[in-house]
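For reference, the structure is listed below as structure tokens.
Number of protein chains: 2
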Amino acid sequence: MTGRTADVRLDALLSTACEVIARRGLANTRTADVAAAAGVSQALVFYHFETKDNLLVRAFAYAADQELARVETVVRSPGAPLDKVRRILKLYGPNTTKAWEMWIDGWAESIRVPELEKVSRRLDVRWKEALAEVIRAGVAAGDFRCADPHGAAWRITALADGLTVQATVHDRIISRRQLAEWIRLATARELAVRPEQLV
Amino acid sequence: MTGRTADVRLDALLSTACEVIARRGLANTRTADVAAAAGVSQALVFYHFETKDNLLVRAFAYAADQELARVETVVRSPGAPLDKVRRILKLYGPNTTKAWEMWIDGWAESIRVPELEKVSRRLDVRWKEALAEVIRAGVAAGDFRCADPHGAAWRITALADGLTVQATVHDRIISRRQLAEWIRLATARELAVRPEQLV
DNA sequence: TTCCTTACTGACTCCCGAGTCAGCCTAACA
DNA sequence: TGTTAGGCTGACTCGGGAGTCAGTAAGGAA
Numbered sequence: 395m396t397g398r399t400a401d402v403r404l405d406a407l408l409s410t411a412c413e414v415i416a417r418r419g420l421a422n423t424r425t426a427d428v429a430a431a432a433g434v435s436q437a438l439v440f441y442h443f444e445t446k447d448n449l450l451v452r453a454f455a456y457a458a459d460q461e462l463a464r465v466e467t468v469v470r471s472p473g474a475p476l477d478k479v480r481r482i483l484k485l486y487g488p489n490t491t492k493a494w495e496m497w498i499d500g501w502a503e504s505i506r507v508p509e510l511e512k513v514s515r516r517l518d519v520r521w522k523e524a525l526a527e528v529i530r531a532g533v534a535a536g537d538f539r540c541a542d543p544h545g546a547a548w549r550i551t552a553l554a555d556g557l558t559v560q561a562t563v564h565d566r567i568i569s570r571r572q573l574a575e576w577i578r579l580a581t582a583r584e585l586a587v588r589p590e591q592l593v
Numbered sequence: 395m396t397g398r399t400a401d402v403r404l405d406a407l408l409s410t411a412c413e414v415i416a417r418r419g420l421a422n423t424r425t426a427d428v429a430a431a432a433g434v435s436q437a438l439v440f441y442h443f444e445t446k447d448n449l450l451v452r453a454f455a456y457a458a459d460q461e462l463a464r465v466e467t468v469v470r471s472p473g474a475p476l477d478k479v480r481r482i483l484k485l486y487g488p489n490t491t492k493a494w495e496m497w498i499d500g501w502a503e504s505i506r507v508p509e510l511e512k513v514s515r516r517l518d519v520r521w522k523e524a525l526a527e528v529i530r531a532g533v534a535a536g537d538f539r540c541a542d543p544h545g546a547a548w549r550i551t552a553l554a555d556g557l558t559v560q561a562t563v564h565d566r567i568i569s570r571r572q573l574a575e576w577i578r579l580a581t582a583r584e585l586a587v588r589p590e591q592l593v
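Chains as they are written, first to last, in our numbering: chain A, 395 to 593; chain B, 395 to 593.
Structure, rendered in structure tokens:
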């Protein structure tokens, strides 16, 4: 496993770093853990990333880029706006990838690390913009009504943030079903449609 | 500064620990920092708390108790339910105490530390219950309408969580004014009142 | 075939921070 | 006015984790 080109190795290390951060938590992630998980020496991590801080910021940026790519896919896909809203909400919700665990850590760390804050801000803003875009498209197409797509997108995603944080941090405090229902309800109100249309 | 009774010292140390955690962030808080900020030796911290983990959990519990006391004061105060809703929302919002910075760190840490998760869960649940109680009282008094006080309380506080996290982590991403307005708007919808009634 | 570059490693160093411990100081009680 | 208990400290230990460095291997250019 020698002599790979740098960017292939970079990618593998960043992907591994994301897994380790999600699994162990940011505070418990050592450079040696990432190296071990990737099957390389600890020194290689420093060879490619110079510092641990740099590795972590790049790892979060890597994770953000992946999420953003998925969002763009939905936004640009053909299909009815209401269906896109539904797909964005599904994408946004908690899933098996531990992405939420990672981003809750990321938010906390972003308060002190400006570089990380930029990454996290970019992701958060884009999610909200993407939903707003799709809502605007739906309004333009006459599929539903919404007086304030920007505000609606913010309120919907913020509600989802708040509920998902609770569900992620406090095991079993609300069911996945309840979580999804409340988000659908709020979205349906914002768009003046029936909640069932978002299932 | 010698020979204070243990519980006075405990209190002072916990209060100082909260300040330090809020200011420096959980990850950057050393037992020596807390000791220095309190003007005592590092060894005294261990004398009273045995381990750093214990100190931190107790500090979060201390902060939670203070917040809870303020919530209870509002809930039990005389006054119209709608006014209590307004006061709870005001109390919930970001303020100058850096409480939100602390609890965002707390949420992240709670994912891995069961003891801390209990503390954070107790606080989160009580906030939601308190608001639900007040909503129920308002419905009973005929001051406003709400078909699902429990759900409404969850949706309102989760929205507030989501928006406040954004405002806390991402400086200037939304104004305090906008934050408060969106929460009032959502609350007004839930309670079938006009947003101005919540100002 | 030699030389240079680049990916990579083992084996370090070094510092920071949690936790310990022997003993000091003082208030209160006998 | 001893004695003691409990609050308190200085001066440690010790382990873990970030970062370093000398050197190896391999592939391409000349």
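In this text, a Cβ means the ideal position worked out from N, Cα and C, and glycines have one as well.
Keep in mind it's a predicted model, so treat the numbers as computed, not measured.
Between residue 456/B and residue 412/B, the C-beta spacing is below 8 angstroms.
Per the coordinates, the alpha-carbon of residue 423/B lies some 15 angstroms from the alpha-carbon of residue 492/B. A direct Cα-to-Cα measurement between residue 546/A and residue 562/B gives close to 20 angstroms. Following the DSSP letters along the chain, one finds residue 589/A in no alpha helix (DSSP H), marked with neither H nor E. By the C-beta criterion, the region 495-502 of chain A is judged to be in contact with the region 495-504 of chain B, since at least 3 inter-stretch pairs fall below 8 angstroms. Closer than 8 angstroms at the C-beta level to chain A, one finds no residue of the region 478-489 of chain B.
Sorting 576/A, 565/A, 414/A and 429/A by C-alpha distance to the C-alpha of residue 549/A places 576/A at the top. Counting of Cβ neighbours within 10 angstroms places residue 587/A among the buried residues, the total reaching 16 or more. Among the residues facing chain A, residue 529/B is not included, as its CB has no counterpart in that chain under 8 angstroms away. Shown here, residue 544/A sits in a helix according to DSSP, grouped into three states. For residue 448/B, there are no neighbours in chain A by C-beta distance under 7 angstroms, as the nearest C-beta there is about 17 angstroms away. At a cut-off of 8 angstroms between beta-carbon atoms, residue 427/A makes no contact with chain B. Exclusion of the five residues before and after residue 509/A leaves 451 as the residues of its chain whose Cβ lies within less than 7 angstroms of its Cβ.
For residue 567/B, the residues of chain A that pass the 9 angstroms Cβ criterion are 515, 518 and 519, in the order they occur in the chain. Distance from the CA of residue 447/A to the CA of residue 420/A, rounded to the nearest whole angstrom, comes to 11 angstroms. Three or more pairs of CB atoms, one per stretch, sit closer than 8 angstroms, so the region 472-491 of chain B contacts the region 567-586 of chain B. Residues of the same chain with a CB within less than 7 angstroms of the CB of residue 426/A, apart from the 5 flanking positions on each side, are 436 in chain order.
Interface criterion not met: the Cβ of residue 582/B is under 8 angstroms from no Cβ in chain A. The Cβ of residue 555/B sits closer than 8 angstroms to at least one Cβ of chain A. In the same chain as residue 418/B, and ignoring 5 residues on each side of it, the C-beta atoms closer than 8 angstroms to its own belong to 427, in chain order. DSSP places residue 518/B in the helix class (H, G or I) of the three-state scheme. Take the alpha-carbon of residue 444/A and the one of residue 406/A: they are about 16 angstroms apart. The beta carbon of residue 498/A sits closer than 8 angstroms to some beta carbon of chain B. Chain-order list of chain A residues neighbouring residue 564/B: 511, 515 and 518, by C-beta distance under 7 angstroms.
At a cut-off of 8 angstroms between beta-carbon atoms, residue 421/A makes contact with chain B.
Residues of chain B with a Cβ closer than 7 angstroms to the Cβ of residue 559/A are, in chain order, 501 and 555. Taking all protein chains shown into account, residue 569/A has fewer than 16 neighbouring C-beta atoms within 10 Å of its C-beta and is therefore exposed. Chain B places no beta carbon closer than 8 angstroms to that of residue 547/A, leaving this residue out of the contacts.
Less than 8 angstroms divides the Cβ of residue 525/A from the Cβ of residue 551/A.
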